[in-house]
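Worksheet for the structure shown next.
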Amino acid sequence: SLKYRSPIRAYPTDPYQESAWPQGFGQLSQVGMKQHYNLGQFLRKRYTGFLKESYDRQEISVRSTDFDRTLMSAEANLAGLYPPNGSQVFNPDIKWQPIPVHTVPMPEERLLSFPLSDCPRYKQLMSETEQTAEFRNVTAFYQDVIELVRNKTLLNKTNIESVWGVYDTLFCEAQHNMTPPDWVTPDVMTSLKYLKDFAFRMAFGIYKQTEKSRLQGGLLLGEIVKNLTLMATENPKPKLKLMMLSAHDTTVAALQASLNVFNGIQPPYASCHIFELNKEENGAYTVSMFYRNNTELYPVELPGCALDCPLEDFRALTKPSISDDRDQECQLPSPGTSKGKIFCQYRSICLKMNTFNHLCPSIFAEVIISLAVSGCVLFILIATLLAVICRQTEPMRSRGYQHVINEAES
């Protein structure tokens with residue numbers, strides 16, 4: 001049985017409280033470490049000849065959210081990516097070398113942990129999402145399951161979002177061969193899995209997806225686009241080849257929603273979303289995306305563009321998901337003006353993008369950016385290889401989903 005991490009927390013009637021887990025809640029297991037080590041080896045094989053064989057501090061930068069499991073996942077990945085050789089071997093009995101992983105305190109984290117809780121407008125959008133026909137239909141259809149969870153777990157608040165956390169706990173326990181309570185049947189787990197995936201879609205899509213992206217995943221997308229643009233300049237500074245960011249499944253989902261490529265399924269363990277910036281024979285730059293979840297790596301096309309998407313087109317197509325002033329957009333709109341400003345903003349973008357007018361107002365050198373997810377549900381890596389690949393053209397605390405990321409360490 002695969003064991004990725006311990007649950008983030010237990011529900012009130014859970015027979016397996018924190019004392020049942022050797023390292024406590026929310027910790028990466030040895031199998032999770034191995035999975036990320038293997039991902040590092042995959043990246044090493046894919047980019048042999050591009051990345052140096054030996055670790056070079058001028059070539060790579062690594063950042064993680066400030067959680068044990070994401071920091072450890074990044075370190076395991078780096079162990080597979082950069083096994084020491086030559087002068088870097090400080091102990092012949094240890095095939096490992098320390099590589100720095102940087103972080104910021106969680107209260108300051110605005111790039112990698114979604115959904116961010118500091119946005120009144122996003123909270124309003126989530127409340128409005130609960131009034132949509134799709135949300136009401138799903139809630140009505142699964143009401144018996146939601147009531148069952150409420151009665152059996154004794155949670156104070158049980159809804160679609162909080163069911164996400166219950167599924168996470170039950171799934172992790174099952175992966176560790178722990179016998180579930182009698183009420184947890186295969187049919188119940190199937191229903192909880194659907195509700196868990198629906199909660200992901202609800203957080204970042206279903207209703208006003210582009211505006212949600214501007215307030216959440218668009219922050220990360222904007223940073224990626226900025227780095228892609230910088231590395232396409234003649235003499236970029238710094239001349240990094242790899243920028244790796246270690247975070248959560250919700251981070252992958254938020255980013256993919258901002259790109260309008262999210263498949264509606266929770267990103268599984270050690271998922272990896274890759275962005276590659278290529279310099280073509282004619283000197284033009286293109287951006288390619290790939291996704292590695294529990295499958296082999298496969299290409300992902302940005303809607304409205306080809307796999308090898310011209311950089312300027314990529315920037316134009318992603319611009320509607322990126323806010324120039326998120327703090328302002330997070331403020332609650334005045335009565336009667338809630339849609340006017342954003343509509344005009346999107347329309348202005350459309351008018352300037354004659355080639356892409358048919359997309360409005362929908363979601364709208366050497367670089368590799370990858371995202372990876374670890375621990376039962378919680379880990380991503382964004383690796384940005386900042387240089388030119390010449391291929392010659394070949395958390396919101398009031399909502400149930402928050403605890404899956406943060407509550408164990410809050």
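So the sequence shown is numbered by full-length UniProt numbering: it starts at 1 and just counts up by one.
Glycine residues also receive a C-beta, built at the ideal position from the N, C-alpha and C atoms.
- Checking the DSSP bridge columns, you'll see P299 partnered with F290.
- For A247, the enclosing beta strand (DSSP E) stretches over residues L242 to A247.
- Residue ranges of uninterrupted beta strand (DSSP E) with 3 or more members, entirely inside the stretch 21-83 and ordered along the chain, are 60-64.
- By the neighbour-count criterion, in which a residue is buried when 16 or more other Cβ atoms sit within 10 angstroms of its Cβ, N293 is buried.
- For E108, there is no enclosing alpha helix (DSSP H), since its DSSP letter is neither H nor E.
- Distance from the CA atom of T153 to the CA atom of N85, rounded to whole angstroms, is 52 Å.
- Under the 10 Å beta carbon count, L219 is surrounded by 16 or more other beta carbons and is classified as buried.
- Around the beta carbon of Q216, 16 or more other beta carbons sit within 10 angstroms, so the residue counts as buried.
- The residue among L302, E108 and W164 with its C-alpha nearest the C-alpha of M202 is W164.
- When DSSP states are grouped into helix, strand and coil, P186 belongs to the helix group.
- For N227, the number of other beta carbons within 10 angstroms of its own is at least 16, and it is reported as buried.
- Around K237, the same chain offers no residue with a beta carbon nearer than 8 Å, after the five sequence neighbours per side are excluded.
- Per DSSP, C172 has no beta-bridge partner at all.
- In this structure, V261 sits near V300, with a CB-CB distance shorter than 8 Å.
- Look at R315 here: in three-state DSSP terms it is helix.
- Contact annotation: Q41 and G80 have beta-carbon atoms nearer than 8 Å.
- Separation of the CB atoms of A199 and I160 is rounded to 6 Å, and the pair is thereby assigned contact status at 8 Å.
- With respect to the C-alpha of F50, the residue from N177, N278, I8 and R136 having the closest C-alpha is N278.
- P310 is bridged by DSSP to T286.
- The C-alpha of A306 is placed about 40 Å away from the C-alpha of S334.
- For a cut-off of 8 Å, the C-beta gap from A270 to L28 is around 11 Å, too long to register as a contact.
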